[in-house]
Amino acid sequence: MSIFNKRQEEAPPAPRPAAAPPSNFIEPKKEATPLSSTPFKTPEQPPDSTRGQASIGKAVKINGQIYSKEDLYVDGDVEGTIELQEHRLTVGPNGKVHSSVKAREVVVLGNIQGNVDASDKLEIRKDARLVGDIKTARIIIEDGAYFKGSIDIVKPEPAKSAASSAPRPQSVAAPAAANAQGAAAVAEVKR
Amino acid sequence: MLRRPGDAVSPGAGVIAPVNHSSAPTLFDKEVVSSRASRGLEQFFAYHRGQVGLSILDFAGASQQNINFITNLGHRLYSEDFVRTLDDIFGNANPNDQANQGLIDQFLRQTLNFEPEQFDGVLVWDVLQYLTPALLAPTLDKLCTIVRPHGYLLAYFHSDEKARHVPFYSFRIKDQQNLLLAQRGTRKPAQIFNNRSLEKLFQKFDSVKFFLTREQLREVIVRR
Chain A
124 MSIFNKRQEE
134 APPAPRPAAA
144 PPSNFIEPKK
154 EATPLSSTPF
164 KTPEQPPDST
174 RGQASIGKAV
184 KINGQIYSKE
194 DLYVDGDVEG
204 TIELQEHRLT
214 VGPNGKVHSS
224 VKAREVVVLG
234 NIQGNVDASD
244 KLEIRKDARL
254 VGDIKTARII
264 IEDGAYFKGS
274 IDIVKPEPAK
284 SAASSAPRPQ
294 SVAAPAAANA
304 QGAAAVAEVK
314 R
Chain B
43 MLRRPGDAVS
53 PGAGVIAPVN
63 HSSAPTLFDK
73 EVVSSRASRG
83 LEQFFAYHRG
93 QVGLSILDFA
103 GASQQNINFI
113 TNLGHRLYSE
123 DFVRTLDDIF
133 GNANPNDQAN
143 QGLIDQFLRQ
153 TLNFEPEQFD
163 GVLVWDVLQY
173 LTPALLAPTL
183 DKLCTIVRPH
193 GYLLAYFHSD
203 EKARHVPFYS
213 FRIKDQQNLL
223 LAQRGTRKPA
233 QIFNNRSLEK
243 LFQKFDSVKF
253 FLTREQLREV
263 IVRR
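Which chain is which? The protein sequence lines are A and B, in order. One gets my numbering by counting positions in the first sequence from 1 and adding 123 to each. One gets my numbering by counting positions in the second sequence from 1 and adding 42 to each.
In structure tokens form, the structure reads like this:
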């Protein structure tokens, strides 16, 4: 015991600078969205918690509304609504979602029964099943997937800078939701 | 007796050759894909040229090619895997089941439950030849109601009257004139049609136009 005490006295640990990260620290990066329409493999296992992704396991059943500000992996049963705004929803191979879904990106390996609004991209993998109406900018469907419903391809809204230089709408009192729908409709017509 | 989807059926007893959708991925792995020019397809989309925002119903089930082609034209696509639903509801055993009114109603609810005059065009492909007369008549009646006046159907019929089984394809649009035919096995058609019987079949519609092909496949464009 005295030996340890002596060592501590002789060589006190130098204070670590608070701001300096450890040498092996890797800053988590957001996964870049692939531009190719070719199907690619995303992780089919439960998410890595360091990426800020919540998970609903296959033994979990949720009845109600889910609103998340991070990516979500659902491998259980969900009945209600799921809204992830700017994030990704992955329905795992055991996942059963009976609800409307709104997210930036939706990847389906399991089962969704409900309308899907994926502002950026929707992927329906082999053996997945989706029954509902789809509204998205891009869709990837693998052979062997089952889909029943309608598909509306809606181009993403233009960048804010373009929007700010555009002339102001005549009816400034119009609700925001109505404006968003109008933008989508224009994008459709221009295709 | 009513049979529910998934009930056991006696093998080899029915109209439809073995197409097991529960093993669809395997079938897709083994499928043979060939390319084929289609005057009917070309004409179908020529009728809709210059228009956007149309509603097109596709009976082939969802495929990347059809989704890309139709949505790139600016149309809204409705996808329905007609034959899969047919098998789910009627199974593949007894052709007489296609005369069961309860099952017919269920089938029509699942496949054609749309608003009147909702569609500008329907890609029917070759599915009608797998329906017995009892099921075909109400299906066509329903089709007639969900297509708007001057809307079009594109349908294919095998013309070999001696064939017991015909190739069963998944139709994928390669471009405006060409199709990719992914063969997913063979099926026994419930009926074989000639030009005269096709005219009679679509008598409720405005006009029927036939396209001759080198293969034993009739292409038909029907105008509502």
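All C-beta atoms, glycine included, are put in the ideal place defined by N, C-alpha and C. All values reported here derive from a predicted model rather than from experimental measurement.
Give the list of continuous alpha helix (DSSP H) stretches no shorter than 4 residues that lie fully inside the segment 83 to 171 of chain B. 106 to 114, 124 to 132, 143 to 153
Taking DSSP as the reference, what is the three-state secondary structure of Thr-174/B? coil
Under the three-state reduction of DSSP, which class applies to Leu-254/B: helix, strand or coil? coil
Beta-bridge pairing of Lys-244/A - partner residues as DSSP gives them: Glu-228/A, Arg-261/A
Quick check on Ile-215/B - is its C-beta less than 8 Å from some C-beta in chain A? no
Could you tell me which of Lys-192/A, Val-231/A, Lys-225/A sits nearest to Pro-268/A, measuring between CA atoms? Position check: residue 268/A holds Ala in this sequence, whereas Pro was assumed. Here the closest residue by C-alpha is Val-231/A.
Check each residue of the segment 169 to 203 of chain A: if its Cβ is closer than 9 Å to any Cβ of chain B, include it; give the result in chain order. none
Using a beta-carbon distance below 8 Å, is Asp-123/B in contact with chain A? Yes - at least one Cβ of chain A is within 8 Å of the one on Asp-123/B.
Residue range of the unbroken beta strand (DSSP E) whose run includes Lys-184/A: In this chain, the beta strand (DSSP E) harbouring Lys-184/A covers 184 to 190.
Mind pulling the chain A residues with CB within less than 8 Å of Leu-119/B? Close to Leu-119/B, with beta-carbon spacing below 8 Å, are these residues of chain A in chain order: Ser-273, Ile-274.
Name the residues in the segment 228 to 249 of chain A whose C-beta lies less than 8 Å from a C-beta of chain B; which are they? Within the segment 228 to 249 of chain A, contact with chain B at the beta-carbon level (separation under 8 Å) is assigned to Ile-247, Lys-249.
Keeping to the same chain, check which residues put their C-beta closer than 6 Å to that of Thr-204/A; ignore five residues upstream and five downstream. Once the five neighbours on either side are set aside, the close Cβ partners of Thr-204/A are Gln-188, Ser-222, Ser-223.
8 Å is my cut-off, CB to CB: does Ala-268/A come that close to chain B? yes
Reference Phe-132/B, options Ala-176/B, Asn-236/B, Gly-163/B, closest by Cα: Cα-wise, what sits closest to Phe-132/B is Ala-176/B.
Determine the burial state of Asp-147/B: buried for a count of at least 16 other Cβ atoms within 10 Å of its Cβ, exposed for fewer. exposed
Does the segment 159 to 171 of chain B touch the segment 187 to 201 of chain B, meaning 3 or more C-beta pairs lie closer than 8 Å? In this structure the segment 187 to 201 of chain B lies against the segment 159 to 171 of chain B, because at least three pairs of beta carbons, one per stretch, are closer than 8 Å.
Buried or exposed: Gln-171/B, going by 16 or more other Cβ atoms within 10 Å of its Cβ? Buried, since its Cβ has 16 or more Cβ neighbours within 10 Å.
Decide if Leu-154/B is buried, meaning its Cβ has at least 16 other Cβ atoms within 10 Å, or exposed. buried
Secondary structure of Ser-287/A, DSSP reduced to three states: For Ser-287/A, the predicted structure reports a pLDDT of 49, less than 50, and the residue's modelled location is therefore unreliable. A value from the coordinates is still provided. Of the three classes helix, strand and coil, the one that applies to Ser-287/A here is helix, per DSSP.
Taking its Cβ as the centre, do 16 or more other Cβ atoms sit within 10 Å of Lys-242/B, making it buried, or is it exposed? exposed
Identity of the residues DSSP links to Ile-270/B by a beta bridge: Because chain B in this structure spans residues 43 to 266, residue 270/B falls outside the shown range and cannot be described.
Cutoff 8 Å: Thr-113/B Cβ touching any chain E Cβ: Absent from the structure is chain E; the protein chains it does hold are A and B.
Since Val-254/A and Ala-241/A are thought to touch, with beta carbons under 8 Å apart, how far apart are those beta carbons, to the nearest angstrom? Not a contact, Cβ separation roughly 16 Å.
Boundaries of the beta strand (DSSP E) in which Glu-261/B is found, first to last residue: 259 to 265
List the endpoints of the continuous beta strand (DSSP E) containing Glu-202/A. 200 to 206
What residues in the segment 251 to 263 of chain A bring their beta carbon closer than 8 Å to a beta carbon of chain B? Ile-262, Ile-263
Would you kindly work out how many angstroms separate the C-alpha atoms of Asp-130/B and Val-75/B, rounded to a whole number? 25 Å
Contact the segment 214 to 222 of chain B vs the segment 75 to 84 of chain B: 3+ CB pairs below 8 Å: By the C-beta criterion, the segment 214 to 222 of chain B is judged to be in contact with the segment 75 to 84 of chain B, since at least 3 inter-stretch pairs fall below 8 Å.
Taking 8 Å as the threshold (beta carbon to beta carbon), is Ala-102/B in contact with chain A? no
Whole angstroms are fine: how far does the CA of Ser-273/A sit from the CA of Ser-191/A? 26 Å
Evaluate His-117/B with the Cβ neighbour count: other Cβ atoms within 10 Å of its Cβ, from every protein chain shown; 16 or more gives buried, anything less gives exposed. buried
Is the separation between the beta-carbon of Gly-175/A and that of Glu-193/A shorter than 8 Å? yes
Alpha carbon to alpha carbon, what distance is there between Val-262/B and Gly-82/B? 7 Å
Which term fits Ser-97/B, buried or exposed, when burial requires 16 or more other beta carbons within 10 angstroms of its beta carbon? buried
Using a cut-off of 8 Å between C-beta atoms, extract the partners of Ile-109/B located in chain A. Ile-262, Ile-264, Ile-274
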